[in-house]
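In the numbering used here, the protein residues as written are 1 to 150.
We treat Cβ as the ideally placed atom computed from N, Cα and C, and that holds for glycine.
Here the structure comes first, spelled out in structure tokens, and everything after it is commentary.
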Amino acid sequence: MRKRVAMLLALAVLGTGAPLHAQGADDDADAVRAAARGFKDALIAGDAEKALSYLHPAVLIFEGGHGETRDDYAGGHLGADMAFLAAVPPTVVDDDVLVEGDLALYTSESTSEGEFRGREIRSRSAETMVLVRTDEGWRIRHIHWSSGRR
1 MRKRVAMLLA LAVLGTGAPL HAQGADDDAD AVRAAARGFK DALIAGDAEK ALSYLHPAVL
61 IFEGGHGETR DDYAGGHLGA DMAFLAAVPP TVVDDDVLVE GDLALYTSES TSEGEFRGRE
121 IRSRSAETMV LVRTDEGWRI RHIHWSSGRR
């Protein structure tokens, strides 16, 4: 229920542009999901260059109570995120995509179990991404991550 309400609110925020044809909307949703998952897959694989290629130059990433630019992330948390995700890859429990024109919202919930640096990990995470359509395809303009113990 909360997820549906959040998606409806996001639709209101994204606007009420002209409706997309069903096939075009499905194609866009698939492309958005591929970009979001491609970013996460690159992090898991430890491929920083590929991960960064999914990020819009003006991306803002919220994690751990503060925001980072693309350069901040590349020089800071990116390495730690890759190490963690390689050791404890997440299992996506649910994800949704909402596309409105050249903006898209991707949300996911995942679980992670394993060990990282001698510590047992058993967590649940939520992820929100706002993507924009560019000449190069969909790029991530904003990410908000949160997680907690399960």
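Contact annotation: the region 111–123 does not touch the region 31–40, with fewer than three C-beta pairs closer than 8 Å.
Cβ atoms of HIS56 and ARG141 come within 8 Å of each other, at about 5 Å. Classified as exposed, THR91 has fewer than 16 neighbouring CB atoms from the shown chains inside 10 Å of its CB. In this structure, VAL32 is the residue among ALA25, ASP26, VAL32 with its C-alpha nearest to the C-alpha of LEU131. Judged by DSSP secondary structure, GLU49 falls within the alpha helix (DSSP H) whose first and last residues are 48–53. By the neighbour-count criterion, in which 16 or more other beta carbons inside 10 Å mark a residue as buried, ARG119 falls on the exposed side.
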